[in-house]
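One structure is given below, encoded as structure tokens.
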Amino acid sequence: MIEAIREIGEYSLRKDQIDTGDPQGLIEIFCEDIQGRSPKPPHILTIDLEKNGNQISFIRVSEEEYSKERNSRYLYRFGSPRGSNVTPTAMVTDINKTYPNKIKNWFGQDFSVLPYSLEEKDLREIQSLNDCLVANESEIKDQIETLLPSIRTKKESALVTIVILEKNQRNYLGDIDLFRRIFIKKTHASLSQKYNTTSLGEKMVCSVCRERKDEVYGFVSTYNFYTVDKPGMVSGGFDQSLAWKNYPVCLDCALALEHGKKYLNNFSHFKFYGFDYYVIPKPLLSENTEVYDTLKIFQTEGNRIKLNDNYQTLLSDTKEEILSHLSDKENSFLCNILIYQENNNEFKIERYIEDIFPSRLKQLFDAKHVVDSKPILRSLQVPVFKDNKKTGERTFEYTFESIFHFFGKEKNDTDEKTYFLDIVSRIFSGNRISYPFILSGITRKIRKKAAHNFPTKESALRGLALMSYLNELKLLGDYQDGTTMTHQSKSIAIDASSETCKKADAIFQEFPAFFNIPAKRAVFLEGVLCQKLLNIQYRERKATPFRTKLQGLKLDQNRIQSLLPEIQNKLEEYKANYYRDLERLISTSMVEAGNEWRLSKDEIAFYFVLGMNLVDQFAFEKQDIGGE
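This is the structure in structure tokens:
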């Protein structure tokens, strides 16, 4: 992963024509993108100070629009959650905390010692600025507090920085040589100086480029998943000065990694179901850098690309993913997917899925197309939500939402989220997934919904879609029934030309891998018949007392076999047994299934509920007069 990010960084440095030997180049690399991934840029609040000779005076706090061209002039780089940043530029949360922690504390540093070692002239200038800020602290905070309410009302962010007015010129921190030198010294020192310790190796091999360099550093942490602040993180004991032995990185690689990280943040960052992820491409040949351009073009021209009829989404329904676009490319690169969560400046890698060829992505989308083309699934309408409110419905399309629906949707359930990410990883990597495990997740969700009297149709059909998708990819492990349907027994006379038989066969032929044995067909059709009865009960009594006989969907072979005559008797009581063909079809399948069904309780529950929810596929005007 680190090597791939370095290659991206080297490409980006060349593309942006950044000279790492030039001070401005270092500033461009280490300055953070203030807007980041926010859809709206922050408001810029400038503490305007006027310099007249050696005199510094406070003028006002101004508000201005963010300008990407001025990004490096703001000289922003985050430092510590509880301490100051690299310069007195900071995002504003509570001004009564931001000002003392990020502005006041910054000027309280000792700039006469390493890494700064400033001369007396520079120290006097910093002291003059500090004296002015201290003298006007209350007024500055009051003016900032006056500007913040309108920003907060719009739920937007703000950044505070210092501007020095001199000779009718507005000088941002990045325009002032003193602050530029401080920024470069501090960021360069952060690679080897931390925890009041220096970790630096001389004439050693860099772990990233594998070349011997004059210096390698021990505190390069492109992402915060690597730290040396705890025992056990440093080889040879807890001597942090030896951290360079764990992870030695040279200056060239540190700069490339920093710029590669920025490139990924800008052009290759996506979200799905509460997780962030990067698509990290790695060309098979170093000169094949077209994929990097593809990432950038997708971000800048994404709306045009998404209008293409071939554009699809797989991970989520947000229309904000690049995988479909990459699946059309040649196998000249590999994709690595880094799924992570970032909270309070902690970077936690959830999964790292490696070596995905574009051809593999195409297989995943081809399987999606097969599932989406099935009429039964296309008939499903799923709700559309915005801000946790239902705003309408849309036709079902298969995405990984159908995995998250069963594995991950429960809040604060760590195990479910782990299962979700494991399944996603296995799909990309082509590793088989246990059929009983998938089925247990599906039926657990269905039983829970049924217990609370919630509709189960979406869950039942999403479950069928998920298993169909995995089966299409040949990933459904422990599922050995094949795809060939057995023929129906002739031991009981049935009318193959009847509407009931035709409709049943149409469903079975649409999903041959899942209706390939008579026991499954029997359970499914009995679910249809049971729902017919429940519909009649509700029409007659506005209640469905027969539902209690389903035992919370904890059904087995014996219960299914005993339910059939009970359903028939109830239909006779209501003088509404219009379903002789369906009953004969169920009996035929049961006879053919014999005494050993070899279906688990989860399978029986799933097929039974699936039948209940596809009852509308068996609606006949003459039989169902009075309406269902």
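Residue numbers (my numbering): 3 to 630.
The beta-carbon is built from N, C-alpha and C at its ideal position, and this holds for glycine as well.
Between which two residues does the beta strand (DSSP E) harbouring residue i extend?
| i | result |
| --- | --- |
| E647 | Outside the displayed range of the chain (3 to 630) lies residue 647, so it cannot be described from this structure. |
| F387 | Q383 to K388 |
| K247 | Not the beta strand (DSSP E): K247 falls in the alpha helix (DSSP H), residues A245 to N248. |
| P283 | F277 to P285 |
| G72 | It should be pointed out that residue 72 corresponds to Arg in this sequence rather than to Gly. Run containing R72: none; DSSP gives neither H nor E here. |
| R214 | R214 to Y219 |
| H651 | Residue 651 cannot be examined here, being either before or after the span of the chain that is shown, 3 to 630. |
| F359 | Unbroken run through F359: none, as it is neither H nor E. |
| K273 | H271 to F274 |
Per DSSP, what kind of secondary structure is residue i in: helix, strand or coil?
| i | result |
| --- | --- |
| L601 | coil |
| H489 | Low confidence applies to H489: its pLDDT is 49, below 50, so where it sits in the model is not reliable, and the reading given next is rough at best. DSSP places H489 in coil when its eight states are reduced to three. |
| L612 | helix |
| Y265 | helix |
| R172 | strand |
| Y354 | strand |
| T200 | strand |
| A160 | strand |
| C255 | helix |
| C1 | Lying before the first or after the last residue shown, residue 1 is absent from the chain, which here runs from 3 to 630. |
| A92 | strand |
| E512 | helix |
| G628 | The pLDDT assigned to G628 is 39, lower than 50, so where the model puts this residue is not dependable; a value taken from the coordinates is nonetheless given after this. G628 falls in the coil class under three-state DSSP. |
| N98 | helix |
| K42 | coil |
| A621 | coil |
| E66 | strand |
| K551 | helix |
| K106 | helix |
| Q242 | helix |
| Q111 | coil |
| G81 | coil |
| S140 | helix |
| G484 | Any reading at G484 must be qualified, since the residue scores a pLDDT of 45, below 50, and its modelled position is unreliable; no value is offered. |
| K504 | helix |
| D368 | helix |
| L441 | helix |
| K447 | helix |
Since residue i sits in a beta bridge, which residues does DSSP pair it with?
| i | result |
| --- | --- |
| N51 | Before going on, a small fix: residue 51 reads as Leu here, not Asn. L51 pairs with F60 and I166. |
| Q343 | K350 |
| L336 | K284 |
| M469 | According to DSSP, which records beta bridges pairwise, M469 is partnered with nothing at all. |
| Q145 | Note: Q145 sits in no beta bridge, so no partner. |
| Q195 | T200 |
| L478 | I435 |
Return the first residue and the last residue of the alpha helix (DSSP H) that residue i is part of.
| i | result |
| --- | --- |
| K633 | With the chain covering only 3 through 630, there is no way to say anything about residue 633. |
| D583 | R582 to A595 |
| Q570 | Q559 to E575 |
| N537 | P520 to R543 |
| E30 | P25 to F32 |
| L325 | L325 to S329 |
| A578 | It is not in any alpha helix (DSSP H) - A578 carries neither H nor E in the DSSP assignment. |
| I184 | D179 to A191 |
Looking at residue i and the ligand FAD, is the gap between the Cβ and the nearest heavy atom below 7 Å?
| i | result |
| --- | --- |
| Y78 | The ligand FAD is not among the ligands present in this structure, which contains no ligands whatsoever. |
For the region 208-215 against the region 116-125, are there 3 or more C-beta pairs whose distance is under 8 Å? no
Three or more C-beta pairs below 8 Å linking the region 16-31 and the region 348-356: no
Curious, which full-length beta strand (DSSP E) runs of at least 3 residues does the region 371-436 contain? 383-388 and 391-397
Do the region 144-152 and the region 28-35 make contact, defined as three or more Cβ pairs closer than 8 Å? no
Is the number of C-beta pairs between the region 382-392 and the region 301-309 that are closer than 8 Å three or more? no
Across the region 514-532 and the region 602-609, are there enough close Cβ pairs to call them in contact, namely three or more that are closer than 8 Å? yes
Whether or not the region 245-255 and the region 200-214 are in contact is what I'm after, with contact meaning three or more pairs of Cβ atoms, one per stretch, closer than 8 Å; do they touch? yes
Segment contact flag, the region 277-295 with the region 331-348, C-beta cutoff 8 Å, min 3 pairs: yes
Looking at C-beta atoms only, is the number of pairs between the region 423-439 and the region 581-593 that lie closer than 8 Å three or more? no
Touching by the beta-carbon criterion (3+ pairs, under 8 Å), the region 45-57 and the region 153-167: yes
What are the complete alpha helix (DSSP H) segments, minimum 4 residues, inside the region 283-319? 292-302 and 304-308
Is the region 557-575 touching the region 420-429, taking contact as three or more C-beta pairs under 8 Å? no
Touch test, the region 390-405 against the region 305-323, Cβ-Cβ under 8 Å, three pairs minimum: yes
How about the region 83-98 and the region 53-68: do they share at least three Cβ pairs that are nearer than 8 Å? no
For the region 447-455 and the region 544-557, state whether three or more C-beta atom pairs, one from each stretch, are separated by less than 8 Å. yes
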